[in-house]
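First comes the structure, then the notes that go with it.
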Amino acid sequence: MRRFRFPRPPFVAAACVLLAAAAHAAVIDQEADISGRYMQLLMAPGDGGVIHQMRLLTGAQNLVGPAGILLEGFGVASPYVPNRRLNETLEALEEFGERPVLRFSYDCQGPNIDGLHVTRLMEPLPDEAALRVTWTVENRGTESQWVAPWIGNDVLPGGGISADDRLDLPSDAGVVRATRTAWHVASRNWLAVTAPAAQESLYWVFNSDQIHSYLTLWGESSVGRGVQAAFVPVLLKPGASWKTVYRLGVTRGLRRVDFATDELAVQLEYTPGALLAYIATVKPMTGVRIDASVVAENGRVWKLQGKQFDTEPGKVIRCTYAWEAPADGHYDFMAQLKQGGLTLPLGVETGSPHGGIDTRFAVGAPKPRRMEPWTDAPHALDRGARTLERAPAFAGEPLLWVESALEKVFREDRVKAKGAPSPVARVSLARGEREAFQVCMRPETAPLLGVSFTPGDLVSETGDARIPAADITVADVGWVPVRIPSHFEGPTGSWPDPLTPHKPFVADRGTTSAVWVTIFARPGLPAGVYRGPLRLATVDGPQREFTIEARVLDFDLPATPGLKTDFGYWEETAVAGAKARGGSGNPDALLAAYMKNALEHRVTLREAAALPAPGPGDYAATLQKHLPDLRAALAGGATTLAAPPALLDAPEKLAALEAFVKREKLEGRVFVPLSHEPAEPAWPRLMESLAKWRAGAPSVPAAVGTLGLRPFLPDDVGLWCVHAQVMDTPAGIELLKRISGGREVWWYFSHQPPRPYGNLFLDFTAVEHRILFWQTWALGMRGVQYWCVNYAPEGQDPFTDPLDTTPVNGDGCLVYPGKDGPVNSVRWETVRDGIEDYDYLALFTERRAALAGRAAPEALTARVKAAGDLSALLPSLVTFARDTAELLKKRGEIGETIVEMGRALKAAPAAKAPMAPPAPPAPKPASPALKPAPPAPGVAPGLPGSPAPLPAPAPGPTRNFGAKP
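Here the sequence shown is numbered in numbering that gives the first Met the number 0, starting from 0 and rising by one per residue.
What follows is the structure, given as structure tokens:
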């Protein structure tokens with residue numbers, strides 16, 4: 000072990016081996032021990048550059064958790080293309096003399112980091128209980144990279160983990176104590192972890208202009224107490240570099256931290272008549288005067304009596320101020336330090352904008368109040384205003400226009416008038432289909448009060464048929480704050496998503512508002528064009544009237560969708576959300592309401608359509624009793640019925656299931672979700688379970704979800720359910736072959752994959768949602784799984800906080816909790832539209848096959864061929880068309896040719912050897928099929944029917960702290 004020396008005090012020398020690396024550096028090949036006057040740090044050269052031990056010399060406990068501190072990385076780890084570190088080196092820099100400065104460096108390999116060279120300087124400050132870190136990232140590659148840097152720390156406050164531990168940080172909601180794993184926007188540049196019993200605090204201070212957000216980790220299996228700091232992402236061009244300086248300090252004497260800066264940490268306590276400020280510093284300070292003031296929410300200022308003190312690490316200064324809060328509320332505590340009559344600026348190195356103490360404390364239990372960030376860093380990714388070119392609905396003010404349902408409209412959107420005014424909203428839909436459009440408004444001179452929309456009946460051109468107003472719904476578009484973008488890609492700001500039941504509202508001046516209008520064409524409705532009014536009324540303005548023009552195509556969507564769906568439901572969120580909004584929260588009633596809504600969106604909820612769990616009695620009788628509910632679900636359009644995996648442990652009940660499925664002809668509907676993403680050590684036991692299930696219920700396929708470069712794909716699995724990105728691995732090539740041979744395969748989406756793939760994240764475009772279902776068809780997938788439609792962590796309101804810990808916005812939450820059932824969303828409506836697109840494609844393929852046996856006009860044959868060519872729309876899973884017009888045009892072509900083929904099939908005589916139309920299910924991959932991306936270097940292709948091989952080992956360790964694997 001090498002012990003480095005400061006000029007004072009002397010250190011005990013220890014033997015070590017240093018290998019010459021350069022004129023001014025020496026490679027460290029043994030554990031380095033760096034002790035100063037106040038604290039000790041230990042780090043090893045082969046440990047990925049982390050510090051694995053840190054303690055105050057006055058304390059015996061190591062404050063570092065098993066994963067270490069000073070972890071670092073970029074973005075979110077991928078299970079498909081691991082990020083790798085190459086050429087890791089830990090060195091001691093000699094140009095600093097006896098002052099120890101360590102340098103850790105490495106090269107990066109992986110998505111968005113290829114060509115990056117990283118250097119981290121670590122400077123234990125000799126006369127402080129602090130460490131200065133300088134982190135530099137240089138792009139030595141040939142391509143620009145979007146870099147999202149973060150640092151992570153696994154800590155043991157007080158040397159262990161306790162329920163009393165404090166994770167304090169400044170967020171946009173104020174200075175908060177975190178008690179769960181969650182992301183927070185950084186309104187200030189510090190965060191702290193404290194053990195109240197030991198009165199030891201670790202705190203970090205970052206550059207105010209660079210820090211974006213914090214992740215607090217609480218009670219995770221891998222990290223008991225941890226913090227991760229995310230910096231503002233940057234686009235690094237070749238030759239460019241990014242650098243930040245941050246500090247880590249350790250203090251004693253505080254039970255929590257309400258403010259921290261380079262030099263000190265502060266705890267505030269209010270009792271009636273007195274405000275106490277406890278100050279703990281990381282370095283000696285003498286002859287210091289503190290001048291403080293308190294500022295109320297209304298701007299009232301109280302100047303507090305000046306105090307003077309001397310201090311050093313390990314001591315706590317207590318400043319008691321006689322001050323009485325006039326009322327409950329949020330109060331700002333502001334203070335400047337002076338030394339020798341001159342201002343002593345704080346936080347200079349980390350960019351403190353005020354150079355003093357600036358924090359907030361609460362008296363009583365006031366209503367939440369936003370704490371504005373010091374700098375623009377948390378808003379660096381905010382979406383700016385965009386200008387759309389649209390035809391106005393009417394001339395003059397206020398500006399109103401009709402918008403596609405496939406275009407997400409933002410509050411900042413402006414419109415440049417293009418073309419003559421037109422108040423007509425046009426949609427095209429099949430019988431049994433729902434289609435929507437938006438009406439948007441942006442008043443510039445004055446707000447619109449009491450905005451309300453009322454639809455009328457739509458009447459056919461012949462006058463003998465109508466779409467009743469009852470089949471036209473209006474919802475108000477709501478916006479959800481996205482403070483941290485999914486995977487740190489894309490803009491922040493307010494994103495449109497919830498669609499609340501329409502009621503009169505105020506359209507604010509200088510802001511865009513929107514309503515969502517959905518039309519349903521009932522089965523049996525005659526084809527043709529239907530027109531009718533959509534009336535807009537306001538409190539003090541003239542009534543406006545739009546015209547809805549709905550073209551009903553001459554074909555029906557099937558009552559049961561061709562695409563199987565298995566989406567999850569979270570009872571706790573539904574019940575808690577209903578009660579919070581004044582509902583009874585009856586679980587059975589809510590489940591029924593969510594299922595009804597899901598079936599209207601052509602989605603099956605697993606929990607609502609599941610077979611009963613095995614009980615102590617006769618399971619065959621239980622199934623028979625449940626049969627009416629199952630039949631009702633199937634009649635309503637349910638595509639899957641989930642059997643309980645617990646039947647595996649009851650062979651006689653499993654046999655009863657098999658008999659029930661065969662008797663009721665439920666083959667192809669009932670399946671069992673036996674396992675999801677099993678870890679490799681569990682594979683042998685899972686294989687035994689699969690064999691046992693197959694022997695007991697061969698008519699009920701066992702589904703296993705799998706992901707990564709080594710997916711679990713043995714033939715023993717009755718139903719392969721693969722993560723979407725598996726299709727861009729060597730295993731995807733084999734899967735396409737098996738699908739072409741008739742094998743039924745499903746896929747699923749989760750918090751992965753990120754862009755450039757499609758997904759259902761709230762802050763993705765609607766095209767990135769809807770394209771998933773075109774890809775589903777093109778790949779030949781028969782089903783889609785999605786883990787939950789309404790999940791929200793306990794205490795988290797999805798209307799105001801859609802973020803998970805990945806970070807991803809809206810993952811697992813496609814509908815919002817309402818008083819008596821779900822509240823729809825833009826994404827949920829887009830999912831329905833995508834499933835309807837799948838049905839279009841299935842019907843198109845069926846009629847094209849039938850037409851091949853008839854004498855059809857050459858022009859029609861050419862149009863059918865052109866319409867069925869998806870290659871321009873879907874070149875691959877990541878290079879799909881992102882222009883809404885392009886997708887809608889292709890959908891229109893498909894719909895038109897379905898109608899034309901229907902006419903031709905009625906009119907054209909059958910060929911001598913007519914071809915029977917094939918069964919519509921089991922689509923084969925589109926021609927040309929989507930092409931998987933090239934395999935990752937060092938990864939061999941998988942064999943059909945067996946798990947894919949493991950990837951080649953990474954040449955360096957991979958770090959992913961605090962993000963979902």
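Note that beta-carbon positions come from the ideal geometry of N, C-alpha and C, so glycine has one too.
Burial state of residue i (16 or more Cβ within 10 Å)
i      : result
Leu234 : exposed
Thr243 : buried
Gly695 : buried
Gln144 : buried
Pro467 : exposed
Ser583 : exposed
Gly489 : buried
Pro801 : buried
Leu653 : buried
Pro484 : buried
Arg54  : buried
Lys236 : exposed
Val522 : Before going on, a small fix: residue 522 reads as Pro here, not Val. Exposed: under 16 other Cβ atoms inside 10 Å.
Ser870 : exposed
For residue j and residue i, believed in contact at Cβ under 8 Å, the rounded distance
i      : j      : result
Thr603 : Thr572 : That belief does not hold up - the Cβ atoms of Thr603 and Thr572 are roughly 19 Å apart, past 8 Å.
Trp352 : Ser186 : Going by the sequence as given, residue 352 is Pro instead of Trp. Between Ser186 and Pro352 the Cβ distance is about 12 Å, and since that is not below 8 Å, they are no contact.
Leu263 : Val281 : 7 Å
Leu405 : Arg769 : 7 Å
Val136 : Pro148 : 7 Å
Pro497 : Val479 : 7 Å
Arg224 : Gly64  : 7 Å
Asp553 : Gly901 : 6 Å
Trp217 : Thr178 : 6 Å
Alpha helix (DSSP H) segment containing residue i, residue limits
i      : result
Trp776 : 765-778
Leu689 : 682-695
Trp827 : 825-850
Ala884 : 883-906
Lys242 : Segment 240-251 is the beta strand (DSSP E) holding Lys242; no alpha helix (DSSP H) there.
Reduced DSSP secondary structure (H/G/I, E/B, other) of residue i
i      : result
Val476 : strand
Leu343 : strand
Gln724 : helix
Ser583 : coil
Ser965 : The chain is shown from 0 up to 964; residue 965 falls before or after that span and cannot be answered.
Leu633 : helix
Lys930 : Residue placement at Lys930 is flagged as unreliable, the pLDDT there being 49, under the threshold of 50; the coordinate-derived value follows with that caveat. Lys930 falls in the coil class under three-state DSSP.
Met284 : strand
Pro821 : strand
His625 : helix
His501 : coil
Thr738 : Here residue 738 is Ile; the residue named in the question, Thr, does not match the sequence. Ile738: helix per DSSP, three-state reduction.
Leu562 : coil
Residues bridged to residue i [DSSP beta-bridge criterion]
i      : result
Ala259 : Ala264
Val699 : According to DSSP, which records beta bridges pairwise, Val699 is partnered with nothing at all.
Ile483 : DSSP lists no partner for Ile483.
Asp803 : DSSP, once it has assigned bridges, lists no residue as partnering Asp803.
Phe554 : Partner(s): none; Phe554 has no beta bridge.
Leu535 : Phe452, Arg543
Thr572 : Paired residues: none, contrary to the question.
Thr135 : Thr118, Lys242
The beta strand (DSSP E) enclosing residue i, as first and last residue numbers
i      : result
Ile150 : 148-154
His211 : 210-217
Glu71  : 63-73
Arg102 : 101-108
Arg382 : It is not in any beta strand (DSSP E) - Arg382 carries neither H nor E in the DSSP assignment.
Phe670 : 669-675
Lys652 : Element bounds for Lys652: not the beta strand (DSSP E) but the alpha helix (DSSP H), 650-662.
Leu398 : 398-403
Pro123 : 115-123
Check: residue i C-beta below 8 Å from any heavy atom of the ligand GDP
i      : result
Asp628 : The ligand GDP is not part of this structure, which contains no ligands at all.
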